[in-house]
Structures are given as C-alpha cells and as structure tokens.
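Here the structure comes first, spelled out in structure tokens, and everything after it is commentary.
Number of protein chains: 4
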Amino acid sequence: MIKLDKSSQNVILLLSCADRAGLVARISQFIYERGGNILDLDEHVDPVEKIFFLRVLWNEKLSLPLSELEEAFMPCAEEFCASWKIRFTGLKTRIAIFVSRYDHCLLELLWRNSIGEFAIDLALIISNHHDLAPLAAQYGIPFHVFPLNGDNKEAVERQEVDLLEKYAIDTLVLARYMQILSPHFVEQYQSRIINIHHSFLPAFVGSSPYRQAYERGVKIIGATSHYVTQELDQGPIIAQDIIRVSHKDTLDDLVRKGRDLERFVLAKALRFHAEHRILVNGKKTVVFD
Amino acid sequence: MIKLDKSSQNVILLLSCADRAGLVARISQFIYERGGNILDLDEHVDPVEKIFFLRVLWNEKLSLPLSELEEAFMPCAEEFCASWKIRFTGLKTRIAIFVSRYDHCLLELLWRNSIGEFAIDLALIISNHHDLAPLAAQYGIPFHVFPLNGDNKEAVERQEVDLLEKYAIDTLVLARYMQILSPHFVEQYQSRIINIHHSFLPAFVGSSPYRQAYERGVKIIGATSHYVTQELDQGPIIAQDIIRVSHKDTLDDLVRKGRDLERFVLAKALRFHAEHRILVNGKKTVVFD
Amino acid sequence: MIKLDKSSQNVILLLSCADRAGLVARISQFIYERGGNILDLDEHVDPVEKIFFLRVLWNEKLSLPLSELEEAFMPCAEEFCASWKIRFTGLKTRIAIFVSRYDHCLLELLWRNSIGEFAIDLALIISNHHDLAPLAAQYGIPFHVFPLNGDNKEAVERQEVDLLEKYAIDTLVLARYMQILSPHFVEQYQSRIINIHHSFLPAFVGSSPYRQAYERGVKIIGATSHYVTQELDQGPIIAQDIIRVSHKDTLDDLVRKGRDLERFVLAKALRFHAEHRILVNGKKTVVFD
Amino acid sequence: MIKLDKSSQNVILLLSCADRAGLVARISQFIYERGGNILDLDEHVDPVEKIFFLRVLWNEKLSLPLSELEEAFMPCAEEFCASWKIRFTGLKTRIAIFVSRYDHCLLELLWRNSIGEFAIDLALIISNHHDLAPLAAQYGIPFHVFPLNGDNKEAVERQEVDLLEKYAIDTLVLARYMQILSPHFVEQYQSRIINIHHSFLPAFVGSSPYRQAYERGVKIIGATSHYVTQELDQGPIIAQDIIRVSHKDTLDDLVRKGRDLERFVLAKALRFHAEHRILVNGKKTVVFD
Chain A
143 MIKLDKSSQN VILLLSCADR AGLVARISQF IYERGGNILD LDEHVDPVEK IFFLRVLWNE
203 KLSLPLSELE EAFMPCAEEF CASWKIRFTG LKTRIAIFVS RYDHCLLELL WRNSIGEFAI
263 DLALIISNHH DLAPLAAQYG IPFHVFPLNG DNKEAVERQE VDLLEKYAID TLVLARYMQI
323 LSPHFVEQYQ SRIINIHHSF LPAFVGSSPY RQAYERGVKI IGATSHYVTQ ELDQGPIIAQ
383 DIIRVSHKDT LDDLVRKGRD LERFVLAKAL RFHAEHRILV NGKKTVVFD
Chain B
143 MIKLDKSSQN VILLLSCADR AGLVARISQF IYERGGNILD LDEHVDPVEK IFFLRVLWNE
203 KLSLPLSELE EAFMPCAEEF CASWKIRFTG LKTRIAIFVS RYDHCLLELL WRNSIGEFAI
263 DLALIISNHH DLAPLAAQYG IPFHVFPLNG DNKEAVERQE VDLLEKYAID TLVLARYMQI
323 LSPHFVEQYQ SRIINIHHSF LPAFVGSSPY RQAYERGVKI IGATSHYVTQ ELDQGPIIAQ
383 DIIRVSHKDT LDDLVRKGRD LERFVLAKAL RFHAEHRILV NGKKTVVFD
Chain C
143 MIKLDKSSQN VILLLSCADR AGLVARISQF IYERGGNILD LDEHVDPVEK IFFLRVLWNE
203 KLSLPLSELE EAFMPCAEEF CASWKIRFTG LKTRIAIFVS RYDHCLLELL WRNSIGEFAI
263 DLALIISNHH DLAPLAAQYG IPFHVFPLNG DNKEAVERQE VDLLEKYAID TLVLARYMQI
323 LSPHFVEQYQ SRIINIHHSF LPAFVGSSPY RQAYERGVKI IGATSHYVTQ ELDQGPIIAQ
383 DIIRVSHKDT LDDLVRKGRD LERFVLAKAL RFHAEHRILV NGKKTVVFD
Chain D
143 MIKLDKSSQN VILLLSCADR AGLVARISQF IYERGGNILD LDEHVDPVEK IFFLRVLWNE
203 KLSLPLSELE EAFMPCAEEF CASWKIRFTG LKTRIAIFVS RYDHCLLELL WRNSIGEFAI
263 DLALIISNHH DLAPLAAQYG IPFHVFPLNG DNKEAVERQE VDLLEKYAID TLVLARYMQI
323 LSPHFVEQYQ SRIINIHHSF LPAFVGSSPY RQAYERGVKI IGATSHYVTQ ELDQGPIIAQ
383 DIIRVSHKDT LDDLVRKGRD LERFVLAKAL RFHAEHRILV NGKKTVVFD
C-alpha cells in the first residue's frame, strides 16, 4: 500500500505491445525526465507470442491533469504501437455491483470496501430482486431493482446502461448475479465485467457446479473469477482458489465451503482490477500481484 | 503407524451395505467376542444413497488363517447382504507398476517403498520401453518389457495378465503409463488399477492437459489419482492436489510443477489403497484417511 | 448436515477413557438397545497415552429428556471411568462473543450465524468499547459494554460472569478481544473459551505478531484458534490456517491478509465446538471433523 | 525457462542500493546501449528502509568475458553505491551438498539435477558418514567423507574448505546435515549456505522440531529453507511450506509428511538461488520468483 502525498501524485501506466529492445529504457527515461520516481515496476514478455506487458507505478511532483500526461506519453506509445492506459491512484475506479439473492459476495465486497481494502468508488448496486436492498442501505450504497420476466431483457439492459452511464461506472462486478448478460451488453464493457463462477474452471461450466462436483466425487472444489466475454464461462481467468472436500461433505457442505471461496476469489479479483494490476493477453490474463 | 506384535495380528475389515440400525453394534460385538481390541474405526453413511461404509482395524491374539476368519464373519456379512473383505496388515498387497518413459513417478514409488512408507510388496515393473530398466535394477525390482506396435495390444495384454498372475499381483499402478488398457483388461482388475492423470479432473481430460491448461490460462493446475474404469479419465477419484501458476509460467514450467503433483498424488493414493482405506461408492470413493 | 425429524431426536455422545477392548461394542450396543441408529461415529486412540476418544451421533425415536438419557448411560460411563457428555443437536449451545474494536471477526460470526452455518444460539456480545454496538444491533444481538480502566478488571469480570449466567451462556468466543482474562475467570470456563490468535502458534506469541512476522521475514503467516487456558497463547489448538506472503507485502498487507485468516479460522473453530466435534487431550485437541 | 542462443548470451544483474529517482532508467539505458534486450525485470523498493532491489535478465549479442562486462557496468554501480553482481546464465553455479544419513533431500536434489531442473553444476557431496556414498555413485557425483568425533571439527572444517576451494564451489547446500558449522566457516560463505530446517520457523527452533510439534498439538507442520548465519536457525528465510496434520498423525507420521516438505522446500530454495533470484535484505530476503 502506497501512501499518497498531497503535493504529488502516483501514476500507473499499463502497456502492452510487440516486444523489442529498448522498451523499458524508453519508458523509464520518460518517467525520469518528468522527475518521476518509480515505486513499483513489473514487466512480462509472453515467450510464445512475443508480447511485452508492463505495469509501472511512479510518483511525480507535477500535478498535471490526466489529459496532459496522456498527451505527453502519446509519442512514445505510438512509436511502439502499444495498447496502454494511464491512471492516477487518487482517482478511484467507479464500480457497480450486480446481485440477485445471495448475500455473501455482496456483503464481502461492501465490508472490505468499508474498511478501505479496495481502491474503488462503490457507486451503485443493481439487482433483479429486492431482497438485498436492506444490506445495501446499511452500507449507504444506492440500490436499483430491474425485475426480469423473461421477455424484457433487452429493455432492461438499455435501462441499466443508462443508469451505469449516469453514475459514470467504469467496471461491473457480478457478485453471483444469476442472469446471463446479452452479447451486446457485454461488448460495451470489454474486460470491465468481473464474474465469479463457483467451480475451478474449466471444470463444471454452466449451472449447478456444486451438484456436478458432488456427483463426480472430486476431492477439491474451487471458484474462479474471470472477465465476462460473449462465450459463457470462457473469459480470461483472473483468480482461482480451491478447498478440500471429502466423502463426508454433503452437497450442502460443498455449497457452504464454496461460499467462502467465492467471496475471497471475487474480492481478490476486484482488488487486482481496481489497482490496475491486470492486462488481458488474448484469452488469458497477466496479473502483476 | 501401528506396530505389529508377533504373538497377535492386526486385522482390517472393509464393509459396505444398505444402512440399518445395529450394524456397528453387531460388528464390534463380533470383534469383542474374539478377544479383539479395536485400534481404529471409521464409518460413513452416504446420506443420499443410504449406504453404510465401515473400516475397522483391530488386534487379536488368535492367529487364525484368513480363511477361518472369513468363515467366522460370513454369517454376519450375509445377514447384512454386505460387500466386504478382510485383510491382515501383516500380509502386504502385491503391486505391479506400469511405466513408459517418464521416471518421476516410478522413482518416487521406488524410493518411498525402500524406506518403508508403503504397506506393499512391490513385486514387478512392466513397461512398453526399456528406458527405465536401470532404475528398476537399482532398487532390485524385476522389470519386464512388452513393446507395443499398434497391432499387438491384445496379445501383449494376454502375456501381461499371465505374468501378473504368475507374480500373484493384486493391484496395478499406472505411473504415467502412456497406453490405454483395453476394457477387457480393465474388467479383470476392477478397483485395482490406480492411475495418475496430470490435471484436476474433470478439467482437461484426454491428452496434453498441461498444454490445455496453458492455453486456457488457469491460475491453478492439478493432478488426480483415480481407479481406472472402462471410460477414460472417468473412474472414481482417490486423491487430488493442486499448485498455483501464473502468467510467468511457461508450458515447461507447468510440466515441471505438475511432475511434483503427480508423484505426490499418486504416492498418496497408493498408500491409501495399500492400507485398505478406500471403498468405492458407485462413481465415487470413500477414503478413510 | 443432518436434518432433524420432529418425531425423533439426534443425540451426540462425546467420551474419553483409558483404552480397553470392548468399548465400541458396549456403547454401540447401548445405542442399539434404545432403538437408536448411528448416523456418524468417530473414534481415536492416542497411541502414546492409550486414551480412547469417541464421538457418536445417533437418531432415536424416544424423546426422553436429557437427564433420563444421562441416567441411562451412567452405568456404562462409570464402568469405563469415562469423561463424557451427551447433547441433543436440537438444543443449541448458547454463545457470548467478546470483542474490542476490530469488526472483522464479529461480522463474520454474525453473518455466518444469520444464514444458519452454526449450531448455536448467539445470545450476547460483550465489549470493552462502544464501537461495535451498531453492528450488533443490525443483527439484533444484545450488546453490553464494560469499560476497563486498568483498575477495575476484577470488578468487571464479576459483572460479566453475572451477565453470562443470567443469559445461561455455555461458551465464550474471543473475537479479537484485546484484553487478557484473569486466571480465575478462565478457570470457570475450562475448554469453553475460544480465542483467535493472529499467528501460527507457537510462532509469534504475545502482542504484535504481524510486526514480528514482518521483521522476521517469514514467507507464510498464519492464524490459530485455541481454547484459552491460564497460560497466555498456550491453550489446546483447535484450528490453524496460513497464507503466503512475500517481500512485496508491507506490514499493512500482512494485517489485511491476516484478517481473512482470523475470521475463517475462528469461524471454523466455533463450528467444530458447536457441533461437539472437539475433545481435549491434555494440551492438545482431538477434532473429529 | 529461457533457451540459450549460442551466438549470444543471457546476462543477469542483481543489484541493491539506496532508492532514488532514475535507477531503472539508467540501468535499462546501459543495457539498451549494449544492444541488449531485456527478457525479465523485477524491482522492489523496501518501503521502510528505502532500499532499491533489482534483478534484470537480458540477452546480448556481444560475447564479452564477464570481467569486461563488470568493468563496463562499474561506473554505474559506483554512482549508486550499489551492491551488485553480474552472472551469465551459461555459467552455472558450482554446488556442494553436505549430508549426514537421511537420503530424502539428497535424492531429491540429485534427481532434479539429473533431469535438468537446476541451473547448477553439482560438483561435490560431503558427508560425516559413509551411508550415502552409493547414492552419490549412482548419480556419478564425487563423495567425500570427513568423520567427526567431537574434537576434530576445526581441523575437518579446514580440510573441507580446502576441498571446496579445489572444486571451485560457490554455494553449499545442507541437505539435512546434522552438524552445526562453526561461525568462522559460515563467515566465509555468507549468503551462500542454504539450509533446510524441519519446522515453519521461527516455531520450533533447535532440535527435534517434529517432536515439539507433536507435543504442542499443532494442526499444521512446516519446513523452512534459509541462508545460514552465525545464529542458529536465524538466517534470512528463502522459502517455507506447510502441510496439515491432525490428532490421527503420530510422531512418525509427522516425520513422514515433513520429509516431503523438506525436500520440496529445499529444492525450491536451491532453484531460486541458482537462478540468481534472491537478494538478502538485512535479516530478510527479496525473492523474485
């Protein structure tokens, strides 16, 4: 955790491009010339695809607006044909959580947020049910219900997008949201929708993974957090964890043990995302943790 | 670990039957009347199928032959319509290991056996290649090669069965044996062939699971030991373990990390099997560890 | 999880005594003669001390009061000179939680209790500070504050005992309660006070274990739940868990990661205790999980 | 794993110095100007001590001798008052293993080395007993015995140092070597003696850690690999791992489970050391894994 100094700001650059000599030299020189001091730097080169990935966090005294900093970096980025973004750690990512009826993931995120574990503004909760409104109220987060009836998905998603835009939401977290988002919706939030699936993917895709795990007699169950793509349960994996089970565990025990995994893995993924630690590499992720 | 007293013997009963009242009372009374002292007792009732599973280890002074003990227990077993077997811990399970070219699982089993970790007689190693003959020789275990050429599987399997019978082999361990056994062969060793699969099943069935895992970008890889059935990679799971991986790990790293899992998980499964700790429950196992 | 049938009741016997032949036979016969059906049975013999430990859960049709069942079992217990207790699963253990200012363990227990994970009546929360009163109120649990000023510990503990007795509390849970209970107080709740210590005991006893861990440069941190005895941090260990750390983790990161361990390990210990799965064996525990 | 290209070489720089702006820029510029392409770069700033740590791996076409490369880098290092070393991945670290009678760690290292897991030249094995000579012979490694009799430690250590120098040994690995090296000996191999301790340090320092763990009733045991310093079991920790135990595990079981930890943790530490992934930070380590 990096403490903020009011008279300066911390800047994060996430960048990927075709690998070549001189990338680190060029970028670190850019930072140095601005009077920046690098606090944390991670780089990775995909040895098969020859792609260079970088996350660098630096502190600089100039308190320029983001647009000027982006402009200053532009020539460098264009030279490398890079994908990139720059973020100030002082400007928190605005998050909306989608939930249905299970409270465990939502409570976990609300509580962690309340004690300052996440670098986020938790701005909005959206649900297709009213059940969790009181929990949202306890933590003072706006809660909007959009009931779904099987026919109105398209209309509801339009309303949701309007609301998300009104709240200037950057990233969506599906905290056991039991609805499938339309491809059109997903497209608008590429690498910005985080889901939790209650199995160690790719095992047990689809519904009822705990029942599938129980019937298969596995000795380990898991949970997987991933970015949502248009293919169900196929998005780039951000984080996974597992817990041991045995013949003594009933289906209810699997659900109970799995709840703990779900809330931890989802919280971990959100933390990585909020701290700009994740770069998507095709169907995979680079996570600089 | 239970020390053997020469003037007495330790007996293990494994039993399963439809659940009903009085089973533990009846069986523990049988043991008590023989002057036996229970050293370890585990029971489990499948709450869905209502099946009772029992493993009980006791010490008794009478040094009867196995057949007489089996005869004495028969009325009890028939009353419950039970599946059961009785074993003396002093009579070790006779094991044959099947290998191809990878040495890691074989060395692990040979070494563990050499320091007394397994309650087995490691009687025989069978391979389709000559590569590991020197390793077998170092540990003084007979090594037989049956080259396979794509046409001779049926004939080879007949020879192998002859050899297994000659050596009075009870259980086969496939220590990264890269051949698929015929259904006919498998049928003769039901719940007596232990395989190691290099993924956390049911993820990544079939060949090249590390490659599949690498391409999917999972954050955890695993290994699974299971009894072999006629359906590939579908047999009852005995043991599983996992290790974390990241974007830094190349395919070679996955193979390296996975090797460690494979040898540990296979060794664990063999230990459970050799100590008569496993009961098969349909497609699943009850492991009294 | 065993579902209760209204016309019958589930009974748990916890028992320990010097090992001898016939113990399981005698006790299972006692159960069978009452028409009881054993649902779960675990036994363990300490191989060094030769002590027999048993937990057996059975269902019986007779709905006798506890006192009559205890009376019926008395001759059997006396014959073995056993320590024992009988509990009905329908009668939940009454719990008081002690807290100071950290909310994480308290919230974890409150939430898990609210969704039915624990077989307890969470009757009371006691604190030396007012901070967590609102959280207690959200879950509708009485919250009593006893401020401590360095001079009044003896008087406060007397008041606390009075309150605990008024609420018929069986077991105390110290959910990061930052005060040391007096030996006299502890004596009254032998094996009935559960604490969470934020290190993998016996490493880092005493205060500031995360700081100690940070300065020592360990690669793993842990948390330990144990019964409180008169010696600080020396009581019988119930549950432990760990998480990996690295040079990247600051002291704040250790505290953050440790919080997750603390709440999980404490919740696990309370669940074991509430389900009567723990027998104390001198300075150690037998946990039939 | 980075494949070597014969016409070029891979270079690793390990460096630490007081933190200041421009370090990465300066060093990456140095590499770029030589035509080097960075393959892997890790940096860390100790947030308390404000020390900068760097490991950078690059590929360069010039096939200069090491001394010339060191000379070229010298001005840069002097400017930063840095501690540093440069290594070619093609020049493997020369290793001597010290053992007594336990074979498990030695076999693990020999086997892993035989399949190419370590970037080392395993040049020598030294023991105070003859027992493991045959194992060394199987893998073709010279094995020297220096019997210790309680009076001759000083003389023996002088002989050992002579032998180590004759074999040009860089790093010593104590693979369950049951003797304490003298402070004078240790001083000559600072941060170059790797030990495996059979507990999760700092718990259970000294002898018989498994017995201590058994008597304390812990639910987790561990193993710790660390650099040897003049204070017993106090050196900087490189790697740790743990395994769960329960009341069912006897002292022998702890020893058995612990063996697996010991060989894995020691192998991991040696791999990190051999790949120049470790920087010592006072009493702690920075491990760029």
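Protein chains in written order, with the working numbering: chain A, 143 to 431; chain B, 143 to 431; chain C, 143 to 431; chain D, 143 to 431.
All C-beta atoms, glycine included, are put in the ideal place defined by N, C-alpha and C.
Please read all numbers here as calculations on a predicted model, not as lab measurements.
So for K426 (chain C), helix, strand or coil by DSSP?
When secondary structure is reduced to three states using DSSP, K426 (chain C) falls in the strand class.
Can you name the residues that DSSP bridges to R229 (chain B)?
B:I154
Against V170 (chain C), what residues of chain B qualify as contacts under a CB-to-CB distance less than 7 Å, listed in chain order?
Checking the displayed sequence, the identity of residue 170 (chain C) turns out to be Ser instead of Val. Counting only Cβ-Cβ distances below 7 Å, S170 (chain C) has contacts in chain B at V166, A167 and S170, in chain order.
What did DSSP end up calling S269 (chain D) once you bin it into helix, strand or coil?
strand
Using CA atoms only, rank isn't needed, just tell me which of C:L156, C:V287 and C:N291 is closest to E302 (chain C).
Taking only the C-alpha atoms, the option nearest E302 (chain C) is C:V287.
On the DSSP bridge list, what partners appear for D263 (chain A)?
A:R236
I need the boundaries of the alpha helix (DSSP H) containing H246 (chain C), first residue and last residue.
H246 to S256
Of the choices C:I380, C:F327 and C:K308, whose alpha-carbon is the least far from that of F342 (chain C)?
C:I380
Straight-line gap, L252 (chain B) to D184 (chain C) (C-alpha atoms, nearest Å):
34 Å
Give a yes or no on whether the minimum CB-CB distance between D402 (chain A) and chain C is below 8 Å.
yes
For a contact defined as C-beta to C-beta under 9 Å, what are the partners of F406 (chain A) on chain C?
D402 and F406
So if DSSP puts D105 (chain A) in a beta bridge, which residue, or which two residues, is it bridged to?
Because residue 105 (chain A) is not part of the residues shown, which for chain A are 143 to 431, the question remains open.
Is I311 (chain D) near A238 (chain D), with beta carbons less than 8 Å apart?
yes
How would you label D394 (chain A), buried or exposed, when you count the other beta carbons within 10 angstroms and need 16 or more for buried?
exposed
With distances taken from CA atoms, which of D:S324, D:M320 and D:P325 is nearest G348 (chain D)?
D:M320
How is D293 (chain B) classed by DSSP in three states: helix, strand or coil?
coil
I want to verify the contact list: residues of chain D whose CB lies under 8 Å from the CB of R243 (chain B), in sequence order.
Chain D residues near R243 (chain B): none, gap ~12 Å exceeds 8 Å.
Does the beta-carbon of D304 (chain A) have 16 or more other beta-carbons within 10 angstroms, so that it is buried, or is it exposed?
exposed
Go ahead and pull the three-state DSSP assignment for I169 (chain C).
helix
Give the straight-line distance between the Cα atoms of L290 (chain C) and A355 (chain C), rounded to the nearest whole angstrom.
29 Å
Please state the DSSP three-state secondary structure of R197 (chain A).
strand
Check the Cβ of Q332 (chain A) against every Cβ in chain B and list those closer than 8 Å, keeping chain order.
Within chain B, not a single residue places a beta-carbon under 8 Å from that of Q332 (chain A); the smallest gap is close to 17 Å.
Can you find a C-beta in chain A that's less than 8 Å from the C-beta of V187 (chain D)?
yes
Out of C:D161, C:V315, C:L403 and C:N423, point me to the one whose CA is closest to S269 (chain C)'s CA.
C:V315
Classify H286 (chain B) as helix, strand or coil using the three-state DSSP reduction.
strand
Provide the residue span of the alpha helix (DSSP H) that contains V370 (chain D), from first to last.
Run containing V370 (chain D): none; DSSP gives neither H nor E here.
Beta-carbon proximity of I193 (chain C) to D245 (chain C), cut-off 8 Å:
For I193 (chain C) and D245 (chain C), no; Cβs fall outside 8 Å.
With 8 Å as the threshold, decide whether the Cβ of F397 (chain D) is near any Cβ in chain C.
Here the sequence assigns Val to residue 397 (chain D), which means Phe is not the residue at that position. No, its Cβ sits nowhere closer than 8 Å to a Cβ of chain C.
Quick one: is I322 (chain C) buried, meaning 16 or more other Cβ sit within 10 Å of its Cβ, or exposed?
exposed
Any residues in the region 171–185 of chain A with a beta carbon nearer than 8 Å to a beta carbon of chain D? Which ones, in chain order?
Q171, I173, Y174, G177, G178, N179, I180, L181, D182, L183, D184 and E185
With C-beta atoms as the reference, is L249 (chain B) less than 8 Å away from Y309 (chain B)?
Not a contact, by the Cβ cut-off of 8 Å.
Beta carbon of H186 (chain D), beta carbon of H389 (chain C): below 8 Å?
yes
Buried versus exposed call for E373 (chain C) [16 or more other C-beta atoms within 10 Å across all chains shown]:
exposed
8 Å Cβ cutoff, A163 (chain D) in contact with chain A:
yes
Is C247 (chain C) closer than 8 Å to E417 (chain C) when the C-beta atoms are compared?
no
Along the alpha helix (DSSP H) that carries L277 (chain B), what are the first and last residues, could you check?
A275 to Q280
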